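Q: Just so we're aligned, residue 280 is where the sequence shown starts under this note's numbering, counting upward by one.
The structure under discussion is supplied below as structure tokens; questions concerning it will follow.
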Amino acid sequence: MLSHPVLDTLRACLTRLEITPLLGFLLPAFLIYATIEMMDEVREGEADPVDRAILATMREPGAPHEPIGPEWFVVAMKDITSLGSTTVLTLIVLSAAGFLLVSRRYSLAGIFAASMIAGTLLNALLKNIFERARPEFVATGVPIDSFSFPSGHAMLSAITYLTLGALLASSEKHAACKGYIVGLAIVLTLLIGSSRLYLGVHYPTDVLAGWSIGALWALGTWWIARHLSPSRMEEDA
280 MLSHPVLDTL RACLTRLEIT PLLGFLLPAF LIYATIEMMD EVREGEADPV DRAILATMRE
340 PGAPHEPIGP EWFVVAMKDI TSLGSTTVLT LIVLSAAGFL LVSRRYSLAG IFAASMIAGT
400 LLNALLKNIF ERARPEFVAT GVPIDSFSFP SGHAMLSAIT YLTLGALLAS SEKHAACKGY
460 IVGLAIVLTL LIGSSRLYLG VHYPTDVLAG WSIGALWALG TWWIARHLSP SRMEEDA
């Protein structure tokens with residue numbers, strides 16, 4: 280390794296620099312900024328032309344209700360989108376909360392359940408505030424019964440899978456296991472949100488806002504759980 284007084288001084292400064300707290304501030308700040316920007320564009324209708332143009336590229340020419348690609352891929356996207364449905368997410372949340380209760384981590388179970396319930400209520404509130412109509416490109420056989428912004432599937436799957444991924448990863452000692460768990464949670468979240476675009480039930484800004492809010496919510500839940508005092512955890516046990 281090259282050695283020079285100036286380089287050595289710079290290297291020492293970088294070694295002392297706390298990068299983690301900086302990243303811990305920048306990521307939430309970016310998510311908040313991105314969410315506010317998308318909300319502003321949706322409210323003023325500025326996002327509509329780009330949103331519609333992107334969705335149109337995923338539809339068959341002359342048949343806007345038919346997604347491009349073979350039938351098996353359409354079926355696969357419908358299967359993937361079901362992973363973010365209310366039924367599936369409810370089962371996952373109940374199962375995870377039940378496991379935490381059985382393992383006597385009562386505080387953590389309460390934080391997790393409260394986060395999921397509050398996140399669901401927030402999503403419903405935002406939908407009713409913006410009242411954005413669904414796209415006209417909805418694929419055949421895909422049920423929709425609520426407003427479009429933000430995407431409930433994208434937001435609630437981000438909250439559920441990212442929170443679970445973060446909590447599970449924090450209990451692992453090996454970096455590879457931590458990376459795998461968090462990576463899997465991110466991939467699931469991205470696939471579910473992307474399936475909503477492909478099936479035409481959401482605009483891109485709906486999904487992006489859902490991802491941003493969901494990720495921010497998951498970060499908040501993880502932070503609260505991480506700073507839960509060890510003494511309180513011992514009392515719960």
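Each residue gets a CB set at the ideal place from its N, CA and C atoms; glycine is no exception.
Since we're looking at a predicted model, the values are computed, not measured.
Suppose you measure from the CA of Leu507 to the CA of Glu323; what does that come to, to the nearest Å?
A: Taking the first residue of the sequence shown as 1, we reach residue 507 at position 228. Taking the first residue of the sequence shown as 1, we reach residue 323 at position 44. Between Leu507 and Glu323, the C-alpha separation is close to 41 Å.
Q: Using the Cα positions of Glu345 and Ala326, report the straight-line distance between them to the nearest angstrom.
A: Walking along the sequence shown from the start, residue 345 turns up at place 66. Walking along the sequence shown from the start, residue 326 turns up at place 47. Using only the alpha carbons, I get a separation of about 23 Å.
Q: Spell out the partners DSSP gives Glu339 in its beta bridges.
A: Position 60 of the sequence shown, counting from 1, holds the residue named residue 339. Answer is Ala342.
Q: Going by the beta-carbon positions, is the gap between Ile460 and Met395 smaller than 8 Å?
A: Your numbering for residue 460 matches position 181 in the sequence shown. Your numbering for residue 395 matches position 116 in the sequence shown. No, the Cβ-Cβ distance between Ile460 and Met395 is not below 8 Å.
Q: Would you kindly report the start and end of the unbroken alpha helix (DSSP H) that includes Ile492?
A: In the sequence shown, the residue the question calls residue 492 occupies position 213. Unbroken alpha helix (DSSP H) run through Ile492: 483-505.
Q: Specify, as a first and last residue, the run of the alpha helix (DSSP H) that Leu469 falls within.
A: Taking the sequence shown and counting its residues from 1, one reaches residue 469 at position 190. Element bounds for Leu469: 454-477.
Q: Run through DSSP, which three-state label would Asp319 get?
A: One-based indexing of the sequence shown puts residue 319 at position 40. Here Asp319 sits in helix by DSSP.
Q: With distances taken from CA atoms, which of Glu339, Ala497, His481, Val321 is nearest Glu415?
A: Residue 415 sits at position 136 when you count from the first residue of the sequence shown. Closest by alpha carbon: His481.
Q: Measuring straight from C-alpha to C-alpha, what distance separates Arg411 and Ser427?
A: If you number the sequence shown from 1, residue 411 lands on position 132. If you number the sequence shown from 1, residue 427 lands on position 148. When rounded, the distance between both Cα atoms is 5 Å.
Q: Note down the Cα distance separating Pro340 from Tyr477, rounded to an integer number of angstroms.
A: The sequence position of residue 340 within the sequence shown is 61, counting from 1. The sequence position of residue 477 within the sequence shown is 198, counting from 1. Those two C-alpha atoms are separated by around 15 Å.
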